[in-house]
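What follows is one structure encoded as structure tokens, with my remarks underneath.
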Amino acid sequence: MSLPVKPHVASLEPYQPGKPIEELQREFGFEDVVKLASNENPLGPSPKAQEAILAAASRVHRYPDGASYALREELSSRLDVDAGQLVFGCGCDEVFELAAKAYVGPGDEVVFAWPSFAMYPIVTKGMGGTPVAVPLTSDFVHDLDAMRAAITERTRAVVVCNPNNPTGTSVGAEAFDAFVASLPDDVVLLVDEAYVEYARRADFPDALTWVRRRPGTAVLRTFSKIYGLAGLRVGYAVADPELAGHLERARHPFNVNLLAEEAALAALSDDAHVAESRRVNEEGAELLTRELGALGIPVWPTDANYLLAQPGPGTYEALLAKGVIVRPLAGFGMPEYVRITIGLPAENERLVKALAECQRERS
Ligand SMILES: *Cc1c(COP(=O)(O)O)cnc(C)c1O
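If you read the sequence shown in our numbering, its first letter stands for residue 8, the second for the next number, and so on.
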């Protein structure tokens, strides 16, 4: 059979999500699976968001507000940007795709770091564009000089994932600002800040100031991570008005569903839940760094809610057999490494115990 599929779509490798808990339960018969694989908030959604979802349930026979008016107003005042600078999507993934739809076609290049978020090459190729993956430095940080050098006349967009997924590393303000200032005016800059709320370093870049200063800049954020709403799918871009207008044209009218908008609005109002999420994450990061260090497992400093560790090859599979799901990085050519989402204290302890068992079994 030969359907007329476009060659660039046929050649795509589908995104590999973290293994679902239910799948592992089915495969191994485990009751208590711990999933530390998809950077979800282990505290769950804010109780305020849950109430908002229940309260809105009786209205889902109506189309959502295609303009996301209430959420737009709230974010525009919180971020001090014009309402017209915000574009909402079915997750930040969709917002990235809107940008690719608006700016990338056959022959066009998109520059990003690698390893980084797996959706960048998938979305780029999906539009017929050419991904240009620039290796991270040996410390697993964006090599901004090399990324700048990779920009050519064919470059339509450059992506900076800060903090970077899957490494948890980040670039500081000085390096970021110099990089952005060096970019050609006609290259779109997308700054993926999916984890910005977790960032701890004092000199974390203020990418939003670049949205004000540099046309062609968009900062991408999401409610999937610290706000604990990954299952509802809502993210957004903060962009200069012209860029925002292009994304709006590429957008489907009802891409953010009614429950997602209500939940996001309520989650924004729950500062205590966000603060608690950050606190639990910082304690977990310290515990995992300490305990993995004690096991002799190299761990990299993180500005996010996950960390990069090097426990050796085969660890992903060995942990699965103990009911613990982490993220394998073999697909990035890093079979010795895993990405571990920071969980609740009991989940972190279970992981440490399982890693210690893996080591004993190996020796
Ligand atoms: C999780 C993640 C996203 C996607 O978030 P959604 O809003 O759930 O689509 C985007 N970028 C990075 C780097 C992520 O890790």
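For every residue, glycine included, the Cβ atom is placed at its ideal position computed from N, Cα and C.
Around the beta-carbon of proline 71, 16 or more other beta-carbon atoms lie within 10 Å, marking it buried. Spatial neighbours of threonine 144 in its own chain (CB-CB distance under 8 Å, excluding positions within 5 residues in sequence) are listed in chain order as Asp150.
Contact between alanine 363 and isoleucine 60 does not hold, since their C-beta atoms are separated by about 40 Å, which reaches or exceeds 8 Å. Contact check for valine 118 against valine 165 passes: the beta carbons are separated by less than 8 Å. Here glutamine 23 is exposed, its C-beta having fewer than 16 other C-beta atoms within 10 Å. In this structure, the CA atom of arginine 367 is about 24 Å from the CA atom of glutamine 32.
Counting every other CB atom within 10 Å of its CB across the protein chains shown gives lysine 13 a total below 16, marking it as exposed. The straight-line gap separating the alpha-carbon atoms of serine 231 and proline 11 is approximately 35 Å. Relative to the Cα of glycine 319, the nearest Cα in the group Val359, Thr176, Ile304, Pro260 belongs to Ile304. For the pair valine 359 and isoleucine 332, the Cα-to-Cα distance works out to about 12 Å. Contact check between the segment 77–85 and the segment 286–303: fewer than three CB pairs, one atom from each, fall below 8 Å, which does not count as touching.
Boundaries of the alpha helix (DSSP H) around cysteine 99: 98–110.
Scanning the segment 239–266 from its first residue to its last, the whole beta strand (DSSP E) runs of 3-plus residues come out as 242–246. Nearest to glycine 350 by C-alpha distance, out of Asp193, Ala106, Gly235, Asp146, is Gly235.
Contact between alanine 201 and leucine 239 fails: their C-beta atoms lie close to 15 Å from each other, not under 8 Å. Looking only at Glu283, Ala301, Val241, the smallest Cα-Cα distance to leucine 272 is reached by Val241. Looking only at Leu315, Glu356, Ile28, the smallest Cα-Cα distance to proline 173 is reached by Leu315. Valine 287 sits close to leucine 50, with the two beta carbons spaced by under 8 Å.
For valine 198, the uninterrupted beta strand (DSSP E) segment begins and ends at 195–199.
Note on geometry: alpha-carbon atoms of glycine 321 and glutamate 343 lie some 7 Å from one another.
Within 7 Å of the C-beta of glycine 98 there is at least one heavy atom belonging to ligand 1. The beta-carbon separation of tyrosine 243 and phenylalanine 95, rounded to 5 Å, stays under the 8 Å limit for a contact.
Contact between glutamate 116 and arginine 163 holds: CB atoms are separated by about 7 Å, below the 8 Å threshold. Within the same chain, Val187, Thr224 come within 6 Å of tryptophan 217 by CB-CB distance, once the 5 residues on both sides are set aside.
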